[in-house]
Ligand code: NAD
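Numbering (the UniProt record's numbering), first residue to last: 1 to 492.
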């Protein structure tokens, strides 16, 4: 038994505050009859409704964004920077309401939701700054007689498709660089969590983003949406964050019109702890890398690879941290673990634990599943997990810590890289030499060195292998929305 027997209940004042926000974005029942219901995973109650838009409306959104995009592309970088900065200020001014909305529609704790607002808003601030900084190049032609100039121009209309796990940050990580580069955009939030995106877009318009430039399409038929909009020749870019399976479908669609494509896909992050690691630091890093967002993060530690000499102490420390968590509504005070996003997620997690135990893994603690409404799954630790168990080969996306043990550095690196994914990896050691050797050997786009939460708006986030294409955040993230134009200037 780990997380509390009694679920923590939400503070009624928070529920009332959310109802006001839902009404403010026009997502209450009266405003949107017969539409997609959005549920609170704590008790499955409906908190709002969004329109279920079809392909005709999606193509209308493309037309509007395309028309508005021509003027936006001609604005100055300073103008775009000022608008984005005002949007950042509005996101921060409304941080409490946004956090409530995130918690209500997605389930994460209010503390995690507040952290997401800070993280998500930071992309808007970063790109407000970055848009006035990007540069071109000038080279002498090697044989003389010409100057070779490059400049960056907006790629054109972008389609942005986002997942449910970070409803604000995954949206701002795409919208901010798209607008900064001078592009129009059509966003499609996840069906489970559309309210946060609608609110954020409303604030963007209040900040001065032209109403038609940034379109949001909510739909229950994502396949029909992508088939229609990605076939439209006015669309020039697709940026997707979500599962690798859907990413491959979108890449195939993108191929038909040769769209510039960014794909932020699934992960299977190894978290390597060496005998010489600082135990306290490793446990703290593991806790953060595993439990942020209830484990529902693409860079969450998926496989704990722990060296024999430190393994018992590390497993004991991590288990202690996880069993101390109180489970309940993300709006309750003192809560450490909210509900999973839906019941499918809970069923999948049970299947992963059963499979691991069936293959010989040792179950150290299994968070109780709550009886009744709400999609709860408590923090769970399985040790001595065989490398071929599903919990080790697939993305867990939940609060299961799966531990494997190793003897040598070479073995750790080989096992860490034995996956089709390559998003994030972690290494914990007090040896600088080993830290760099291992980090350099990992086949991932991101490495946390003695650090469980590596993401930063100023750094390029993204994966290799089947974890994706392209980067988000940093200067590289702006380039995803730009083309390079080259001028050959003849000299007499
Ligand atoms: P998902 O792939 O099911 O859905 C993501 C988005 O794609 C949603 O908006 C969904 O409605 C839409 N979608 C589904 N089918 C579609 C189709 N045929 N055409 C167009 N859109 C379609 O993923 P999810 O369950 O929402 O999110 C979890 C996944 O996202 C995990 O695999 C996670 O690793 C990944 N993720 C990756 C990153 C990253 O930066 N690499 C960040 C967050 C989440």
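Where is the CB? At the ideal position from N, CA and C, for every residue including glycine. Bear in mind that the values here come from a model prediction, so they are computed numbers and not experimental data.
| query | result |
| --- | --- |
| Identify which residue in 436, 361, 259 has its Cα closest to the Cα of residue 232. | 259 |
| Evaluate the contact criterion for the region 119-133 versus the region 352-365: three or more CB pairs, one atom per stretch, below 8 Å. | no |
| Give me the Cα-Cα distance between residue 514 and residue 195, rounded to the nearest whole angstrom. | It is not possible to answer for residue 514, since the shown part of the chain is limited to 1 through 492. |
| For residue 412, which residues from the same chain have a beta carbon less than 6 Å from its beta carbon, with the 5 sequence-adjacent residues on both sides left out? | 272, 305, 406 |
| Is residue 291 near the ligand NAD, with its Cβ less than 7 Å from a heavy atom? | no |
| Check whether the Cβ of residue 446 sits closer than 7 Å to any heavy atom of the ligand NAD, and report yes or no. | no |
| Who are the Cβ neighbours of residue 85 in its own chain at under 6 Å, not counting the five residues just before and after it? | 128 |
| With respect to the alpha helix (DSSP H) encompassing residue 202, which residues constitute its N-terminal and C-terminal limits? | 194-206 |
| Hey, out of 358, 287, 331, 473, whose CA is closest to residue 111's CA? | 331 |
| For the alpha helix (DSSP H) containing residue 179, list its first residue and its last residue. | 169-181 |
| Sorry if obvious, but does the Cβ on residue 170 come closer than 7 Å to a heavy atom of the ligand NAD? | yes |
| Just the Cα atoms here: how many angstroms apart are residue 475 and residue 455? | 15 Å |
| Would you say residue 432 and residue 147 are within 8 Å of each other, going by their C-beta atoms? | no |
| From the DSSP output, in three-state form, read off residue 309 for me. | helix |
| Considering only residues of the region 400-470, which uninterrupted alpha helix (DSSP H) runs meet the minimum length of 4 residues and lie entirely inside it, listed in chain order? | 409-416, 432-441 |
| Using the beta-carbon count (16 or more within 10 Å), is residue 66 buried or exposed? | buried |
| Using DSSP bridges, identify the partner residues of residue 149. | 138, 487 |
| Our contact map puts residue 204 next to residue 214 with C-beta atoms below 8 Å; I'd like the distance itself, whole angstroms only. | 6 Å |
| Between residue 451 and the rest of its own chain, which residues show a CB-CB distance below 8 Å, the 5 nearest in sequence each way excluded? | 285, 426 |
| Verify the contact flag: residue 165, CB atom, against every heavy atom of the ligand NAD, threshold strictly below 7 Å. | yes |
| Is DSSP giving residue 327 helix, strand or coil here? | strand |
| Beta-carbon within less than 6 Å of residue 467's beta-carbon, same chain only, minus the 5 sequence neighbours each way: which residues are those? | 265, 267, 421, 422, 423 |
| Does at least one heavy atom of the ligand NAD sit under 7 Å from the Cβ of residue 423? | yes |
| Which residues mark the beginning and the end of the beta strand (DSSP E) in which residue 376 is found? | First-last for residue 376: undefined, no H or E at that position. |
| So what does residue 154 bridge to, in DSSP terms? | 482 |
| Take every Cβ of the region 389-401, pair it with every Cβ of the region 347-356, and state whether three or more of those distances are shorter than 8 Å. | yes |
| So who's on the other strand from residue 266, going by DSSP bridges? | None; residue 266 has no bridge partner. |
| Is it a yes or a no for the region 221-232 touching the region 87-101, going by three-plus beta-carbon pairs under 8 Å? | no |
| How would you label residue 116, buried or exposed, when you count the other beta carbons within 10 angstroms and need 16 or more for buried? | buried |
| Is residue 108 helix, strand or coil when you go by DSSP? | coil |
| Give the range of the beta strand (DSSP E) segment to which residue 282 is assigned. | Element bounds for residue 282: not the beta strand (DSSP E) but the alpha helix (DSSP H), 279-291. |
| Does the distance from the C-beta atom of residue 278 to that of residue 68 stay below 8 Å? | no |
| Taking only heavy atoms of the ligand NAD into account, decide whether any of them is closer than 7 Å to the Cβ of residue 124. | no |
| Enumerate in chain order the residues of its own chain whose CB-to-CB distance from residue 375 is below 6 Å, with the five nearest sequence positions on each side excluded. | 41, 339, 340, 342, 343, 346 |
| Based on the DSSP output, what are the partners of residue 273 in its beta bridges? | 306, 428 |
| Excluding five sequence neighbours on each side, which residues of the same chain lie with their C-beta closer than 7 Å to the C-beta of residue 163? | 170, 190, 241, 242 |
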